[in-house]
Structure formats: structure tokens, C-alpha cells
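Enquirer: Here it is, the structure in full.
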Amino acid sequence: MIQSFLQYYDRVTNYTAPGYENSEILLFLNNAQDEFIRNILYGKENQFPILQGNQRLEADLFSLITTKSISNTDISVGNWINHFKFNTTTTIPTARPLQYFVDLLVTLTRTYPTVSSGYKLSCEHINPRDASKFAYIEGINKPHFINPVYWIETYLTIGSKEFNFMVDSYSTKSAAWLVYTAPPKVITATMTEFDNTYTDGIMSLPSHTHQMIVDIAVRQALQAMQDTRYQTQLAEQQIKNE
Amino acid sequence: MKLIDLQILFQQKSEDISSAFKDIERPSTFIIVNYLNKAVDRFLRERYLNYATHVEKVTAILRDTDLLRNLIKTTATLNTEADATTLFPYQRTTYLPDDLMLLLSVSCNYRRSAVPPIATNNLVITDFVTQE
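These protein sequences, in sequence, are chains A and B.
Going by the numbering used here, the first residue of the first sequence is number 1, and it counts up by one from there.
Going by the numbering used here, the first residue of the second sequence is number 1001, and it counts up by one from there.
As C-alpha cells, this is what we get:
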């Protein structure tokens, strides 16, 4: 990665720009790796990640995407009927921590229309203040909605989140899965090639993404020089728009 | 069609109008039922009662007797004052049923023991149907 960075950097600057130390290059590469993931997940408009049908997300981040089954013992009952919640502190393994949330899947059965075999649905995000509008309140509200809804109500501690989800009054929840991306392993000088594992010292992202990461790193390095010749702001914007 | 079907259709229609009705302005079932009831009243009013004369209203209703068969009651009994039996029959006061929307016709059973003589020409015949 460092070698690729230097080759690309020298090519772009035509050997006229000052060089960087390895430690500095690693800093750019790690920043670029994080930005690469953020760009794929959230895009230029910071939209919610969409897993299904997003081929680039599946192709580039498959090694980091994790689908964790949430045990029913970890799911507690919330304030409303059909309202459930769980805490990432107890449900997410420390060996593969949560960095970015991607999706919450819930299996349910329905009484109207009748669906007796449980089927898995992606939850839709709502604002916590709108949660009561989806709650079953006898005499006031008996809501009907196909996709379960979720919201993150409390940030308990750094890196820990409380997920709340709710199914409508005609559904019964069976199971839940949290889909998220784990943070990539920190790039070091002795990093070895990606091998489909999530291990320290081995690249976390597949090989075809490495050149894109180097590309971002070089552009950030050029921007760090504050040299307007390279129009780095424009280049950055183009990368985000890709 | 059950209430839940109407509720689903109501939500779909409202979400088509504005996505805000999906979450931020999502109506509760209570509000949906309220609007559905208003809509039923408005439907009946505009389709059957939006005429100038009583005769036209009754004609419009009788034209859709099949559609309105669950709404047309033929056995509603007029309420009578508790002490009405102490009064002469022609003095009795009657009240319309509470759930009445439009009076279509009134009929009554009576017996006559004798035909009273008419001394002068003061007989007045009233056709109820022409009354507003």
C-alpha cells in the first residue's frame, strides 16, 4: 500500500512535491480507508445505508458487513405493546465491534393479512419523537404497517447504542438481526494481503478496493500541501460523487 | 370491507399525498375513524340530501334502495310521552328516533268506531311529503 501510494503520488506530482514519511503515508491511508467506507455507506447526501440491491456495498464491504442474530434473551420489552429493544453492549461481539449500522431485520408473523410462516423484513427508520404514532394504544391507535420501524433512542456510552423496534398491532415478532459494518483493521507497514478474514495485520478490505483507497489517500496528501495546482477540492468532490 | 381495510387504504392515500403522513404527521386510528365517519356523512349528504326539496331527496334515496338497504329502517317506532295515554289521541306528542337522518315516510294504525259528522267545511288535508 505504501509503495502504491508513493508511485501514484510521484506520478501525479511529477516528482515535484515533497515526500512523506511512512508514518505520514499510513495516516493518509487509514484516513482514506475510513473515508472509502463512509462514502460507500452514506454517499454524497449522507443517506441511510441500503444493503439490498446495493451491489457496490456488497462487493466492496462484504468482508466488514456482519449480520448478528439478536438472541431473544437479549431483547427486552419496551414501553408500548409490540415495542422491543436491545443494547449493543451485550449483543455485539467485541471481536467484531459495530462501527456503522446498516440494517435491522425482523422476522414476524401476521394476523392481517394472515401470514403464519415467519418472514424477514427490513425495518424502517423513524424519529424517536414519532414512535408513539406507531404504537398500539388501546382505544386510540391500532396501527397497521408492513415493515417494522426502529429508532435509536439512547446513546448509552461511546460505541454503545440502544436499538428500539416496533411491529404493528397485527404482527408478532419472532427474531431479529442487526446488520452492521465492523471497523477495518488499522493499516500498518507490515500489513499482509486480504485473505477473507478479519484479523490484525491483514487487510480487511478486498484487494480490488486498495487502489481506490490509495487514490483517496494521494488526493488527501495533495490537499494537505494546500497546493491549488492539483484542484484537490474538486477531485475530492468527484470521488464523493462517484 | 372491514375497518382495517379502510384504514390501510386511508393511509396509502394519505402517504401518496405527502410522505409526511408516513411518520411525522402519521394519523392515529382514532383520527382515521373520525375522518372516515365524516366521509360517510358527506357521501350521504352530497349524494342524497343535496337537493332543494324533500321529494327529490326521497326520490334519490329510493333510487338506491339496494345500496342503502342497511340504512333504511322500516320498523322505527316513534317515541311517545310517558303520560300520553292520559291525553286524547289527537293531542299526543311524538318524537323522532335519535339516529334518524332523513324521514322518508310515516304510517300509523288506527281504528275508528264511528264516522264523526262534519258540521262545517273546515277539513284540512296535509300532505306530509311536501313539507320541508
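Note that the Cβ used here is the ideal one computed from N, Cα and C, for glycine as well.
Who pairs with I81/A in a beta bridge, going by DSSP?
Expert: Stepping through the first sequence from its first residue, residue 81/A is reached at position 81. Paired residue(s): Y136/A.
Enquirer: Please list the partners that N127/A has in chain B, where partner means a Cβ-to-Cβ separation under 9 Å.
Expert: Residue mapping note: residue 127/A aligns to position 127 of the first sequence, counting from 1. Simply D1023, I1024.
Enquirer: Measuring straight from C-alpha to C-alpha, what distance separates N164/A and S1019/B?
Expert: Working through the first sequence from its first residue, we reach residue 164/A at position 164. Working through the second sequence from its first residue, we reach residue 1019/B at position 19. Going by the C-alpha atoms only, they are around 22 Å apart.
Enquirer: Under 8 Å, with one C-beta from each stretch per pair, do the region 2-10 of chain A and the region 214-223 of chain A reach the 3-pair mark?
Expert: The region 2-10 of chain A vs the region 214-223 of chain A: in contact.
Enquirer: Among the residues of its own chain, which have a CB less than 7 Å from the CB of T190/A, if the five just before and after it don't count?
Expert: What you label residue 190/A is simply residue 190 of the first sequence in a count that begins at 1. Here the set comprises G201.
Enquirer: Would the region 1101-1121 of chain B and the region 1054-1063 of chain B be scored as touching if the rule is three or more Cβ pairs under 8 Å?
Expert: Touching, per the Cβ criterion.
Enquirer: Report the residue from Y42/A, T89/A, F48/A, T66/A whose alpha carbon sits nearest the alpha carbon of I158/A.
Expert: Along the first sequence, read from residue 1 onward, the residue named residue 158/A stands at position 158. The shortest C-alpha separation from I158/A is found at T89/A.
Enquirer: Where does K44/A fall in DSSP's three states?
Expert: Taking the first residue of the first sequence as 1, we reach residue 44/A at position 44. Three-state DSSP puts K44/A in coil, outside helix and strand.
Enquirer: Under 7 Å Cβ to Cβ from Y1048/B, same chain only, skipping five residues before and after it: list those, please.
Expert: Your numbering for residue 1048/B matches position 48 in the second sequence. Within the same chain, Y1048/B has close Cβ partners K1057, A1060, I1061.
Enquirer: Taking 7 Å as the CB-CB cut-off, is D130/A touching chain B?
Expert: Working through the first sequence from its first residue, we reach residue 130/A at position 130. Taking Cβ atoms only, chain B reaches closer than 7 Å to D130/A, which makes this a yes.
Enquirer: Should G19/A go down as buried or exposed, given a rule of 16 or more other Cβ atoms within 10 Å for buried?
Expert: Stepping through the first sequence from its first residue, residue 19/A is reached at position 19. It counts as exposed.
Enquirer: According to DSSP, which residues form a beta bridge with T107/A?
Expert: On the first sequence, residue 107/A is found 107 positions in, with the first residue counted as 1. BP columns for T107/A point to K120/A, A175/A.
Enquirer: Bridge partners for I152/A per DSSP, in chain order?
Expert: Along the first sequence, one-based indexing puts residue 152/A at 152. F163/A.
Enquirer: Using a Cβ-Cβ cut-off of 8 Å (strictly less than) and excluding sequence neighbours within five positions of M166/A, which residues of its own chain qualify?
Expert: Within the first sequence, residue 166/A is the residue found at index 166, counting from 1. For M166/A, where only same-chain residues beyond five positions count, the Cβ hits under 8 Å are G78, W80, N82, H83, F84, A131, F134, A135, P148, V149, Y150.
Enquirer: Roughly how many angstroms lie between the CA atoms of S1107/B and T111/A, to the nearest whole one?
Expert: Taking the second sequence and counting its residues from 1, one reaches residue 1107/B at position 107. Taking the first sequence and counting its residues from 1, one reaches residue 111/A at position 111. Whole-angstrom Cα-Cα distance: 48 Å.
Enquirer: For a contact defined as C-beta to C-beta under 7 Å, what are the partners of N79/A on chain B?
Expert: Against the first sequence, residue 79/A aligns to sequence position 79. Residues of chain B passing the Cβ test: none, with the nearest at roughly 17 Å.
Enquirer: Would you decide whether L1009/B is buried or exposed? Buried here means 16 or more other CB atoms lie within 10 Å of its CB.
Expert: In the second sequence, counting from the first residue as 1, residue 1009/B sits at position 9. The residue is exposed, with fewer than 16 neighbouring Cβ atoms inside 10 Å.
Enquirer: From T66/A to V102/A, what distance separates their C-alpha atoms?
Expert: Residue 66/A sits at position 66 when you count from the first residue of the first sequence. Residue 102/A sits at position 102 when you count from the first residue of the first sequence. Straight-line Cα distance between these residues: approximately 9 Å.
Enquirer: Check the Cβ-Cβ distances between I1004/B and every residue of chain A, and say whether any is below 7 Å.
Expert: Taking the first residue of the second sequence as position 1, residue 1004/B is located at position 4. Judged by the 7 Å Cβ criterion, I1004/B is in contact with chain A.
Enquirer: Below 8 Å on the Cβ atoms is my contact criterion, and I expect L105/A with L121/A to pass it. Report the Cβ-Cβ distance as a whole number of Å.
Expert: Translated into the one-based positions of the first sequence, residue 105/A becomes position 105. Translated into the one-based positions of the first sequence, residue 121/A becomes position 121. So it is a contact: roughly 7 Å between Cβ atoms.
Enquirer: Establish whether the CB of S1028/B and some CB of chain A are separated by less than 7 Å.
Expert: On the second sequence, position 28 is the one that residue 1028/B refers to. Cβ-Cβ to chain A under 7 Å: yes for S1028/B.
Enquirer: Could you give the distance in angstroms between the alpha-carbon of A182/A and the alpha-carbon of K1002/B?
Expert: Here residue 182/A is taken as the residue at index 182 of the first sequence, counted from 1. Here residue 1002/B is taken as the residue at index 2 of the second sequence, counted from 1. One C-alpha to the other measures close to 47 Å.
Enquirer: Since S207/A contacts S63/A with CB under 8 Å, what's their CB separation in whole angstroms?
Expert: Taking the first sequence and counting its residues from 1, the one referred to as residue 207/A is at position 207. Taking the first sequence and counting its residues from 1, the one referred to as residue 63/A is at position 63. So it is not a contact: roughly 11 Å between Cβ atoms.
Enquirer: Could one say the Cβ of K142/A lies closer than 7 Å to chain B's Cβ atoms, at least one of them?
Expert: As a working note, residue 142/A is residue 142 in the first sequence. Yes, contact with chain B.
Enquirer: So, using beta-carbon positions, are L61/A and P49/A closer together than 7 Å?
Expert: Taking the first sequence and counting its residues from 1, one reaches residue 61/A at position 61. Taking the first sequence and counting its residues from 1, one reaches residue 49/A at position 49. The answer is no: Cβ separation not under 7 Å.
Enquirer: Beta-carbon within less than 8 Å of Y1035/B's beta-carbon, same chain only, minus the 5 sequence neighbours each way: which residues are those?
Expert: Locating residue 1035/B in the second sequence gives position 35, where the first residue counts as 1. Answer for Y1035/B: F1010, P1027, listed in chain order.
Enquirer: Considering just the uninterrupted stretch of the beta strand (DSSP E) at S71/A, what are its terminal residues?
Expert: Position 71 of the first sequence, counted from the start, is the residue given in the question as residue 71/A. From DSSP, S71/A is part of no beta strand (DSSP E); its letter is neither H nor E.
Enquirer: Expressed to the nearest angstrom, what Euclidean distance is found between the alpha-carbon atoms of A59/A and L1006/B?
Expert: Locating residue 59/A in the first sequence gives position 59, where the first residue counts as 1. Locating residue 1006/B in the second sequence gives position 6, where the first residue counts as 1. If you take the alpha carbons of A59/A and L1006/B, they lie about 43 Å apart.
Enquirer: Ends of the alpha helix (DSSP H) at N1034/B?
Expert: The count along the second sequence starts at 1 and reaches residue 1034/B at position 34. N1034/B -> alpha helix (DSSP H) spans 1029-1044.
Enquirer: Only counting the same chain, and skipping five residues up and downstream in sequence, which positions put a Cβ closer than 8 Å to that of G118/A?
Expert: As a first step, residue 118/A must be located in the first sequence, where it is residue number 118. These residues qualify, in order along the chain: T107, L108, T109, S174, A175.
Enquirer: Distance cutoff 7 Å, beta carbons only. Does K161/A sit that close to anything in chain B?
Expert: Within the first sequence, numbered from 1, the residue matching residue 161/A stands at position 161. It does not; no Cβ of chain B falls within 7 Å.
Enquirer: In the DSSP assignment, find the alpha helix (DSSP H) that holds V12/A and state where it starts and stops.
Expert: Numbered from its first residue, the first sequence carries residue 12/A at position 12. Note, V12/A: alpha helix (DSSP H), 2-13.
Enquirer: To the nearest angstrom, report how far apart E35/A and A224/A are at their CA atoms.
Expert: For the purposes of this step, residue 35/A is taken as the residue at position 35 of the first sequence. For the purposes of this step, residue 224/A is taken as the residue at position 224 of the first sequence. C-alpha separation (whole angstroms): 15 Å.
Enquirer: Quickly, what does DSSP pair H125/A with across the bridge? List them, please.
Expert: Residue 125/A sits at position 125 when you count from the first residue of the first sequence. In the DSSP output, where bridge partners are listed per residue, H125/A has Y150/A.
Enquirer: By the 10 Å Cβ neighbour count, where 16 or more other Cβ atoms means buried, how is D1023/B classified, buried or exposed?
Expert: By one-based count along the second sequence, residue 1023/B stands at place 23. D1023/B is buried by the Cβ-count criterion.
Enquirer: List, in order along the chain, the chain B residues whose C-beta lies closer than 9 Å to that of K133/A?
Expert: The residue labelled residue 133/A in the question sits at position 133 within the first sequence. Per Cβ cutoff of 9 Å: D1023, I1024, E1025, R1026, P1027, S1028.
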